[in-house]
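*Asks:* Protein chains in written order, with this note's numbering: chain V, -19 to 283; chain G, 570 to 855. Think of the CB as a built atom: it goes at the ideal place given N, C-alpha and C, for glycine as much as any other residue. Predicted, not measured: the structure shown is a model, and the values here were computed from it.
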């Protein structure tokens, strides 16, 4: 079965300016894929190239196994897209916009727009221009999902939503995953990505620097270790262990970062009387910041 | 970096769901046109109303100035009469033709056509609307065709409103204008407007900004008008009039509609629009 999204050395340059460079990835059916990176990293360029709004300089992209340019109508019929800053004619109501989109999609009615409007507490009968940013974003979410697409492409979808609605939105994405739908979620909100995504891709300066499962990326990265002993110990004993960094000794307390296999650390600690031990996995945010601070985080395997 | 690890999600789909059956291009085009017509539903009343009010004024004052027209015509320099294609002012229709249909109406209505196209493509691009629209199963060329078709309908409706207002005012003032002759004169503006609508589609096929598209199309509109004007009054410049769309506009009130010019201007507009749609398909959306 073809991947829902597949890119092969996808590159987009704007003259001499960088867009994205050699982005290769696969997103499988039923997956919630987080696409992480700060503003300007290439997230939106990637999505706009997938949608054929931008033509790639080189490389190719496929959606549902269909070429993103040659077969775009067939591909677009099966996806829903929420742009980073959803905007449409402000004189029109949400219902008018959805009615038009439904006509273009060949639908008989408004699909599940009513149910989604109820879920997100969206008013479909007010002109877009009279809505707050958050309420406009709700209309954007509904237009992306009302036709029950197989793939949702969401670029910073929770922008402008209040915390309660963000929760509802994440619950909606969870429901979509349960129904077998695929979600490509571009975000710089690491908390929401960590909570909902199965895998994340991290893009930096236009290049995809990592694609991993969320659980894997946080577990495989370094851990903060805090050891409390009954009596002071020689810190050198731990400093010699491969993967131990930033070691600090404070009386009977040792703190350090450890990456890779923890067995030598545990065995070294076991030679003393341990009164307390704490292992803290970094949050996705800490991992992400590590990537942006200068490359991949210390880890025990290949990324 | 190439990564193809399997996802960790527990739920998998074993087969792709069939997408929504795509409509035929004609039905999609119809949906686009109907949608844009709703957006521009007030334009014929606003533009046609304004131009119709001017026409109504001309028609209403005609009975009071009719007797002085011979003297007025004699006072006009020959070059001025040639420039504005004025032969005689012996009827209310000829008066409206000279005062409005030779300059104000073609320029204003062609500008309206350009504006409709620029709004549908370039302005929508600037405001980010195309990112939403073109994620639908919608060809860019259909979007361009829809913009052109909407401009055709709105321009026709605007000219109809203008004609009716002028005719009614003329009747009320006792000028007794001929609806057929008036309609002939205003209908002749339509292919000229379509030419510039097509030019606007062509510009939108290359340019990303609505202001640029409008500037190119209206700049060409004015340049062609001036070129035709100069060609009328200057014999050495007469041969270059062929390059101006206004060369083929003429006076339908006086001479009737030239079917060849009507069809030629319309066909040229359609050809420019097709070229623009082709270009739009091939460029990036900003």
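1) If the criterion is Cβ atoms closer than 9 Å, does the pair residue 851(G) and residue 35(V) meet it?
2) Under 7 Å, CB to CB, which of the residues in the stretch 238 to 269 of chain V have a partner in chain G?
3) Grouping DSSP H, G and I as helix and E and B as strand, with all else coil, what is residue 207(V)?
4) Would the stretch 599 to 619 of chain G and the stretch 709 to 717 of chain G be scored as touching if the rule is three or more Cβ pairs under 8 Å?
5) Let me confirm a value: residue 212(V) is counted as buried when at least 16 other C-beta atoms fall within 10 Å, else exposed. Which label applies?
6) Can a CB atom of chain V be found closer than 9 Å to the CB of residue 600(G)?
7) If you measure between the beta carbons of residue 29(V) and residue 48(V), is that distance less than 9 Å?
8) Anything in chain V within Cβ reach of residue 609(G), meaning under 7 Å, just list it in chain order.
9) Using a cut-off of 9 Å between C-beta atoms, extract the partners of residue 83(V) located in chain G.
10) Considering only C-alpha positions, which residue in the set 821(G), 672(G) and 638(G) is nearest to residue 659(G)?
11) List in chain order: all unbroken beta strand (DSSP E) runs of 3+ residues lying wholly within the stretch 218 to 251 of chain V.
12) Just tell me which of 8(V), 85(V) and 68(V) has its CA closest to the CA of residue 594(G).
13) Secondary structure at residue -12(V), three-state DSSP: helix, strand or coil?
14) If we define contact as Cβ-Cβ less than 9 Å, is residue 142(V) a contact residue for chain G?
15) How big is the Cα-Cα spacing for residue 748(G) and residue 661(G)?
16) Is residue 614(G) helix, strand or coil when you go by DSSP?
17) May I have the straight-line CA-CA distance separating residue 805(G) from residue 620(G), to the nearest angstrom?
18) Determine the burial state of residue 853(G): buried for a count of at least 16 other Cβ atoms within 10 Å of its Cβ, exposed for fewer.
19) Could you tell me the distance, in whole angstroms, from the CA atom of residue 223(V) to the CA atom of residue 238(V)?
20) Just to make sure I have the definition right: I need the residues of chain G whose C-beta is within less than 9 Å of the C-beta of residue 63(V). Which are they?
21) How about residue 146(V): is its C-beta nearer than 9 Å to some C-beta of chain G?
22) On the three-state DSSP scale, how would you describe residue 699(G)?
23) Please name the residue, chosen from 750(G), 785(G), 756(G) and 757(G), that lies closest to residue 767(G) on a Cα-to-Cα basis.
24) Could you name the residues of the same chain whose beta carbon sits closer than 7 Å to that of residue 46(V), not counting the 5 residues immediately before and after it, in chain order?
25) I'd like to know whether the C-beta of residue 76(V) is nearer than 9 Å to at least one C-beta of chain G.
26) For a cutoff of 9 Å on Cβ pairs, would you count residue 707(G) as touching chain V?
27) Which residues of the stretch 103 to 128 of chain V have a Cβ closer than 9 Å to any Cβ of chain G? Give them in chain order.
28) List the residues of chain V that residue 854(G) touches, going by C-beta distances under 8 Å, in chain order.
29) Closest by CA to residue 153(V), which one among 170(V), 210(V), 171(V) and 177(V)?
30) To the nearest angstrom, report how far apart residue -6(V) and residue 26(V) are at their CA atoms.
31) Under 9 Å between C-beta atoms, does residue 810(G) make it to chain V?
32) From the DSSP output, which residues share a beta bridge with residue 167(V)?
33) Per the contact definition of three or more C-beta pairs closer than 8 Å, is the stretch 68 to 83 of chain V in contact with the stretch 100 to 119 of chain V?
34) Over what stretch of residues does the alpha helix (DSSP H) that includes residue 86(V) continue unbroken?
35) Would residue -3(V) pass as an interface residue toward chain G - the criterion being a Cβ-Cβ separation below 9 Å?
36) Would a check of beta-carbon distances place residue 15(V) closer than 9 Å to chain G?
*Replies:* Inspection of the coordinates gives the following:
1) Yes; because the gap between Cβ atoms is below 9 Å, this pair is in contact.
2) Flagged: no residues at all.
3) Annotated three-state conformation of residue 207(V) is strand, per DSSP.
4) Yes: at least three Cβ pairs fall under 8 Å.
5) Residue 212(V) comes out exposed.
6) Interface residue, yes.
7) When the beta-carbon positions are compared, residue 29(V) and residue 48(V) come within less than 9 Å of each other.
8) Below the 7 Å Cβ cutoff, chain V contributes no neighbours of residue 609(G), its closest Cβ being approximately 11 Å away.
9) Going along chain G in sequence order, the residues near residue 83(V) (Cβ under 9 Å) are 592, 596, 597, 599, 600, 601, 603 and 604.
10) The residue among 821(G), 672(G) and 638(G) with its C-alpha nearest the C-alpha of residue 659(G) is 638(G).
11) Counting only runs of 3 or more, we get 224 to 230 and 233 to 238.
12) When only C-alpha atoms are compared, the closest one is 85(V).
13) Here residue -12(V) sits in strand by DSSP.
14) Not one chain G Cβ lies under 9 Å of residue 142(V).
15) Rounded to whole angstroms, residue 748(G) and residue 661(G) show a C-alpha spacing of 11 Å.
16) Residue 614(G) sits in a helix when the DSSP states are folded into three classes.
17) One C-alpha to the other measures close to 35 Å.
18) By the beta-carbon neighbour count (other beta carbons within 10 angstroms, threshold 16), residue 853(G) is exposed.
19) Linking residue 223(V) to residue 238(V) through their CA atoms gives a straight-line distance of about 5 Å.
20) Here the neighbours are 697, 700, 701 and 704.
21) Not one chain G Cβ lies under 9 Å of residue 146(V).
22) It is helical.
23) Comparing Cα-Cα distances from residue 767(G) to each of 750(G), 785(G), 756(G) and 757(G), the minimum goes to 785(G).
24) Excluding positions up to five away in sequence, the list reads 54 and 55.
25) Closer than 9 Å: yes.
26) Cβ-Cβ to chain V under 9 Å: yes for residue 707(G).
27) Here the close residues are 120, 123, 124, 127 and 128.
28) The CB of residue 854(G) comes closer than 8 Å to the CB of 28, 33 and 34 in chain V, given here in chain order.
29) Nearest option by C-alpha distance: 177(V).
30) When rounded, the distance between both Cα atoms is 13 Å.
31) Among the residues facing chain V, residue 810(G) is not included, as its CB has no counterpart in that chain under 9 Å away.
32) Paired residues: 16(V).
33) Pairwise C-beta distances place the stretch 100 to 119 of chain V in contact with the stretch 68 to 83 of chain V, as three or more of them are shorter than 8 Å.
34) Element bounds for residue 86(V): n/a, residue is neither H nor E.
35) By this cut-off, residue -3(V) is not an interface position.
36) False, the Cβ-Cβ gap to chain G never drops below 9 Å.
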